[in-house]
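Protein chains in written order, with our numbering: chain H, 21 to 214; chain X, 134 to 371.
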């Protein structure tokens, strides 16, 4: 989440002082994602310049002591941002997928052992997130939502490893199919360049 | 204290060419108050591990100790008593008796163990109450939701003073909120000193465990190491 939209969201609740915004900004993310707090005041200045927020008085006080409110245009941009799906059509370069694809080709490599090393690491991470959920998620909705997102994301990777494990095992048990040269090529899925 | 101990347990089904090694040299130690998850693909032997741990099946070789008792040295009657008094089971499909209410289902293992109906019923109600199901005590299984049924099954598994809880895919077809509730309950039972073994292929369930062991082709191939505190995931920039 950009600092810009986070600030618009916090101001959509009502007018706030710069210092207060900074404090809420730290708390509002459930402390899960580290964010650059240093950008809060410069972003406020830019939002004011772009007329998405306005300060309540025109004196020369600096940002921490100014009180800001969101403008109608700011509300509109915030609403539009909330409803704009993030780009998920071209996934980022996935290092884990690359490692498994490479492991299949490196002679003398036990791919299942490679997969297990990654699986264990992911499950250990999930154990840590679950400890956090167990302790705090009932009291802190934002944290609960963020931890769930992380758990589902890691879970999806574990499932992919499980599927890959099974697929590689079956492939080893079956004779290789003749190579076809008209196979569709995946674009950008693994960051591989051709 | 060790509640469940498997020492080099192997299990072979069939003979000769049809021989299937379901478990090979599996050793596992589960202490009081500990939850261990067993993860592995289907056919990896994880359910066999659970039935052997619960003395529902005998290993081909190796030793199984429950609460310090070596199952191999016990008579069938003593094993049955140990199962009733020490071990609770939770299955994927709940296995509640349809003709009995929630309270009666939970009280049943105690009654089978010779405890008076009244005492068993009181203990059953207490177990249901502890899992937030007091108001469903007189409901029959078909009147309960899937999540409620599984909570009743967990109440039945921990009723009395049992020390070992064995669960096979305990969240079965439940949605994620109910699955989490089930895992929270098993976790809470462990905090009271119960040792639990949860067999699952679901990493989100396994992540509730103190330790996750990975099984493949009948062998334990890996396990998680105890996690550092959650601080390591939070406030990484400060």
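C-beta: ideal position from N, C-alpha, C; glycine also.
How should residue i be labelled, buried or exposed, when 16 other C-beta atoms within 10 angstroms of its C-beta is the threshold for buried?
i              : result
residue 159(H) : exposed
residue 62(H)  : exposed
residue 118(H) : exposed
residue 69(H)  : exposed
residue 226(X) : exposed
residue 293(X) : buried
residue 249(X) : exposed
residue 148(H) : buried
residue 305(X) : buried
residue 274(X) : buried
residue 54(H)  : Annotation note: pLDDT 46 at residue 54(H) (below 50); position unreliable, coordinate value reported separately. Residue 54(H) is exposed by the Cβ-count criterion.
residue 149(X) : exposed
residue 86(H)  : buried
residue 150(H) : buried
residue 337(X) : buried
residue 160(X) : exposed
residue 283(X) : buried
residue 357(X) : buried
residue 324(X) : exposed
Are the C-beta atoms of residue i and some chain X residue less than 7 Å apart?
i              : result
residue 65(H)  : no
residue 147(H) : yes
residue 140(H) : yes
residue 129(H) : no
residue 53(H)  : In this prediction, residue 53(H) has a pLDDT of 46, which is less than 50 and means its spatial position is unreliable; nothing more can be read from the coordinates.
residue 144(H) : yes
residue 158(H) : no
residue 171(H) : yes
residue 114(H) : no
residue 150(H) : yes
residue 175(H) : yes
residue 59(H)  : no
residue 117(H) : no
residue 124(H) : no
residue 136(H) : yes
residue 23(H)  : no
residue 178(H) : yes
For residue i and residue j, what's the separation of their Cα atoms in angstroms?
i              : j              : result
residue 184(X) : residue 190(X) : 6 Å
residue 141(H) : residue 25(H)  : 33 Å
residue 93(H)  : residue 39(H)  : 23 Å
residue 240(X) : residue 257(X) : 5 Å
residue 321(X) : residue 133(H) : 34 Å
residue 77(H)  : residue 310(X) : 48 Å
residue 169(H) : residue 271(X) : 38 Å
residue 163(H) : residue 145(H) : 16 Å
residue 210(X) : residue 182(X) : 22 Å
residue 243(X) : residue 128(H) : 56 Å
residue 303(X) : residue 171(H) : 19 Å
residue 326(X) : residue 161(H) : 30 Å
residue 95(X)  : residue 317(X) : For residue 95(X) there is no data in the structure shown, the boundaries of chain X being 134 and 371.
residue 31(H)  : residue 23(H)  : 12 Å
residue 64(H)  : residue 267(X) : 53 Å
residue 122(H) : residue 74(H)  : 54 Å
residue 307(X) : residue 319(X) : 15 Å
residue 253(X) : residue 245(X) : 10 Å
residue 196(X) : residue 139(X) : 6 Å
residue 231(X) : residue 156(H) : 37 Å
residue 229(X) : residue 164(X) : 28 Å
Have a look at the options and flag the residue whose alpha-carbon is nearest the alpha-carbon of residue i.
i              : options                        : result
residue 28(H)  : 46(H), 189(H), 130(H), 88(H)   : 88(H)
residue 136(H) : 168(H), 66(H), 184(H)          : 184(H)
residue 290(X) : 178(X), 192(X), 221(X), 232(X) : 221(X)
residue 193(X) : 242(X), 206(X), 228(X), 143(X) : 143(X)
residue 235(X) : 281(X), 208(X), 145(X), 224(X) : 281(X)
residue 178(X) : 357(X), 358(X), 266(X), 353(X) : 353(X)
residue 84(H)  : 97(H), 43(H), 190(H)           : 43(H)
residue 199(X) : 356(X), 343(X), 301(X), 135(X) : 135(X)
residue 169(X) : 349(X), 201(X), 332(X)         : 332(X)
residue 216(X) : 338(X), 187(X), 301(X), 229(X) : 187(X)
residue 153(X) : 355(X), 350(X), 255(X)         : 350(X)
residue 312(X) : 246(X), 287(X), 324(X)         : 287(X)
residue 11(H)  : 300(X), 324(X), 335(X)         : The requested residue 11(H) does not occur in the structure, where chain H is confined to residues 21 to 214.
Answer with yes or no whether the minimum CB distance from residue i to chain H is below 7 Å.
i              : result
residue 158(X) : no
residue 355(X) : yes
residue 171(X) : no
residue 153(X) : no
residue 163(X) : no
residue 345(X) : yes
>> Using a Cβ-Cβ cutoff of 8 Å, what residues of the segment 192–226 of chain X are near chain H? List them in chain order.
In response: none
> Just by C-beta distance, which residues in the segment 314–341 of chain X are closer than 9 Å to chain H?
Replying inline: 316, 317, 320, 334, 335, 336, 337, 339, 340, 341
> Taking a cut of 9 Å between CB atoms, which residues from the segment 299–310 of chain X lie near chain H?
Replying inline: 309
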